[in-house]
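>
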Amino acid sequence: MGKSGLPVIAVADGLVSRIKISPVGFGNALYIDHPNGYTSVYGHLSGYNKTVSDYAFKKQYESEQFAVDLFPAGEGDTISVKKGDIIGYSGNSGTSFGAHLHFEMRTTSTERILNPYLFGYQNSDIFYPYFELLKIYPMDNVSSVVNSPDPVLYSVKNTGTGTYALSGKDTIALWGRFAIGVQAFDYTYSREDRNGFYGIRMYLDNNMFFSMQCDSFAFAESRNINACIDYAANYRFGQRIVKSNRLPGNGMSIFKTPSGDGIISVFDTLDHQLVIEVYDVLGRTSKLSVPVVGRQPAQYVSAPEPLDADTVINVAWNRDTNIDYKDIRINMPSGSLYENLEMMVKRTPQVAGLYSARYMLHNPEVPLQKRISISLKTDKVPPSLLSKALIVSINPKTARRSAEGGNLTSGWITTETNEFGTYAIAIDTIKPKLKVVPQKASTAKSLKINVSDNLSGIAFYRGEINGEWVLVEWDPKNHLMIYRYDQMLKSGKNSFRLTVRDAAGNETVITSVILRK
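This note's numbering numbers the first residue of the sequence shown as 43 and each following residue consecutively.
(1) Opposite ASN364 in the DSSP bridges: which residues?
(2) Tell whether a beta-carbon distance below 8 Å holds between ASP470 and ILE500.
(3) Curious, which full-length beta strand (DSSP E) runs of at least 3 residues does the segment 88-113 contain?
(4) Cα-Cα, which of PHE108, LEU176, GLY505, GLY126 is closest to LEU540?
(5) In terms of alpha-carbon separation, which member of ASN373, LYS368, GLN338 lies closest to ASP352?
(6) Under the assumption that ASN134 contacts SER64 (Cβ atoms under 8 Å), give the Cβ distance between them as a whole number of angstroms.
(7) With distances taken Cα to Cα, identify the nearest neighbour of LEU195 among LEU450, GLN107, SER264, PHE279.
(8) Output needed for GLU263: all residues of its chain with C-beta closer than 7 Å, excluding positions within five of it in sequence on either side, in chain order.
(9) According to DSSP, simplified to helix, strand and coil, what is PHE571?
(10) According to DSSP, is ALA207 part of a helix, a strand, or is it coil?
(11) Does the segment 421-441 come close enough to the segment 395-406 that 3 or more CB-CB pairs lie under 8 Å?
(12) Could you pull the start and end residues of the alpha helix (DSSP H) that PHE462 belongs to?
(13) Determine the direct distance from the alpha carbon of ALA394 to that of ARG148, and round the result to whole angstroms.
(14) So what does ALA221 bridge to, in DSSP terms?
(15) I think ASN356 touches GLU384, with their Cβ atoms under 8 Å apart; what is that distance to the nearest whole Å?
(16) Along the chain, where does the beta strand (DSSP E) that runs through PHE261 open and close?
(17) Measure how close the beta-carbons of LEU57 and ALA115 come, nearest whole angstrom, since I'm counting them as under 8 Å.
(18) Determine the direct distance from the alpha carbon of ARG282 to that of ARG233, and round the result to whole angstroms.
(19) Name the two residues that bound the continuous beta strand (DSSP E) containing ASN200.
(20) Give me, in chain order, the residues of the same chain whose beta-carbon lies closer than 7 Å to that of ASP212; leave out the 5 immediate sequence neighbours on both sides.
(21) Report the rounded CA-to-CA distance for LYS519 versus PRO171, giving the unit in angstroms.
(22) Could you tell me whether the segment 94-108 touches the segment 149-169, where touching means 3 or more Cβ pairs closer than 8 Å?
(23) Within this structure, are the beta carbons of GLN411 and TRP217 separated by less than 8 Å?
(24) Identify, in the order they occur along the chain, each residue of the same chain with its Cβ nearer than 6 Å to the Cβ of THR37, setting aside the five sequence neighbours on each side.
(25) How big is the Cα-Cα spacing for VAL335 and CYS270?
(26) From the DSSP output, in three-state form, read off PHE571 for me.
(27) Under the rule that 16 or more other beta-carbon atoms within 10 Å means buried, what is ASN266, buried or exposed?
(28) Using the DSSP secondary-structure output, state which residues sit across from PHE239 in a beta bridge.
(29) Consult DSSP for ALA226 and reduce its assignment to one of helix, strand or coil.
(30) Can you name, in chain order, every residue of its own chain whose Cβ lies under 8 Å from the Cβ of VAL94, other than the five neighbours on each side?
(31) In terms of alpha-carbon separation, which member of SER166, ILE556, THR311 lies closest to LYS9?
(32) Rounded to whole angstroms, what's the CA-CA distance from PHE309 to PHE161? Just pull it up for me.
(33) Would you kindly work out how many angstroms separate the C-alpha atoms of LYS125 and ALA52, rounded to a whole number?
(34) Mark THR560 as exposed unless 16 or more other C-beta atoms lie within 10 angstroms of its C-beta, in which case mark it buried.
(35) Figure out for me which residue from ALA468, ASP421, THR456, GLY453 has the closest Cα to the Cα of SER444.
(36) Please report the distance separating the alpha-carbon of VAL187 from that of PRO180.
Here's what the structure looks like:
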């Protein structure tokens, strides 16, 4: 990981167009518009330079909000920077799990994300990309990999600079139609700095059937990455296997399939050569060569596993689907899926601590592109607890419950989700817990409060000094709220009050006295 507090400099002259401060996402982020039509973005900062910091601080007090999204130019304020100016400092703010700088280049007019290396920034990369895994996927029940109708995973070995082959196997016998998947990475500055590759090409007998090059993409495409990888392998094992086949709902523009939707066919007994190339932005290319032979397998019959679901519903990826089943309603807008699906819905009985039956919606190893809505009937929730009800997802491995929220309407509670899984109604009647973090009073420059909530999550908080609103930072990943001593403190005794409320309306108040000489 990097370090916090390192100077971050502007890559070119420009105007600060946006300052966003949030407890999640990019945390402390800064956007600079440049005269050439591009915008540079700097995220997860620990702080800004004095000019930006003072501006943001003033706006936070005016709005009485820690989280702000400011557009100085749109408000008639000009904050200009020169190339090389210190604009902030590296950090770990927002949804970040280690100090680093998140840097982007975008087109100003469309906000389309661009590969920063295309702007000529110095790159000291001396490493070739490298392969880790090859996976071959039969695309139907008449296709086989070495007589198997199931996907087969192969390890690979480095046979020289930039060259790779299968480990312990010379030739793969195929028959039918297949997608090809690879897991490959690239080092940039050191072997601790592992990143994705810049581009990939796949060939069968010198005919390209798949390519991808990471030059630019739009924000609207972001969730399509779930359709570009083996989502189930990522869910189960954390693998990042890029697959060649394009699903019907995959709109990722960097994902190219010259013909056949990224699927190869082997229906002969000839020898073939599968070649996969991955390369970095400087053109260093690594090649995995795999001999393939066409071999028709012995006849076999593939019997599907019996379904243990209550029902199976055919859902088209490109049509709106509304499901009304027992005490659950599901709304799936067109484009929620990447391909047509035989969707399984399984109902299991209510258990202690839950206030509805549990509904398993298909399989979390299948990705959703858009959010779907889930409504559960609240007839088993006591009227006195309705205001505390919410929908939870239940982890199938740990049984841990995570809040999904919910709005009450006419005997139903409704929420949205972008994942298949198991859902039920729970109740949250427990107040958030607040505890002042001990510090030496004579040297303390802030007041820190440890904040935790058992289920629904923090929805509102307000800090006050002597009855006036005061800026309190919220750092959810470290469970901290921090008041950094500022001009609101007066000489002598100051009363501090923090009110915290969770999404179920449970509220806790903590008070303290701050002495200032």
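Positions of the beta carbon are idealized from the N, C-alpha and C atoms, including for glycine.
Computed from a predicted structure; not experimentally measured.
With the given structure in hand:
(1) Note: ASN364 sits in a beta bridge opposite ASN373.
(2) With a cutoff of 8 Å on beta-carbon distance, ASP470 and ILE500 are scored as not near each other.
(3) Unbroken beta strand (DSSP E) runs of no fewer than 3 residues, entirely contained in the segment 88-113, are found at 110-112, following chain order.
(4) That would be GLY505, whose Cα lies nearest to the Cα of LEU540.
(5) LYS368
(6) Between SER64 and ASN134 the Cβ distance is about 14 Å, and since that is not below 8 Å, they are no contact.
(7) PHE279
(8) The answer, listed in chain order, is GLY293, MET294, SER295.
(9) Only positions 43 to 559 of the chain appear in the structure, and residue 571 is not among them; the question remains open.
(10) DSSP, reduced to helix, strand and coil, places ALA207 within a strand of the structure shown.
(11) yes
(12) Unbroken run through PHE462: none, as it is neither H nor E.
(13) 50 Å
(14) TYR179
(15) 6 Å
(16) Premise fails: PHE261 is in no beta strand (DSSP E) and is neither H nor E.
(17) 6 Å
(18) 18 Å
(19) Following the DSSP letters along the chain, one finds ASN200 inside the beta strand (DSSP E) bounded by residues 194-202.
(20) PRO333
(21) 33 Å
(22) no
(23) no
(24) The requested residue 37 does not occur in the structure, where the chain is confined to residues 43 to 559.
(25) 27 Å
(26) Since the first residue shown for the chain is 43 and the last is 559, residue 571 is missing from the structure and cannot be characterised.
(27) buried
(28) According to the DSSP secondary-structure assignment, PHE239 is paired through a beta bridge with no residue.
(29) strand
(30) VAL58, ILE61, LEU72, ILE121, ILE129, GLY130
(31) The displayed coordinates of the chain run from 43 to 559. Any statement about residue 9 would go beyond what the structure contains.
(32) 46 Å
(33) 5 Å
(34) This structure leaves residue 560 out entirely; the chain is present only between 43 and 559.
(35) Nearest of ALA468, ASP421, THR456, GLY453 to SER444, Cα basis: ALA468.
(36) In a straight line, the C-alpha of VAL187 is about 7 Å away from that of PRO180.
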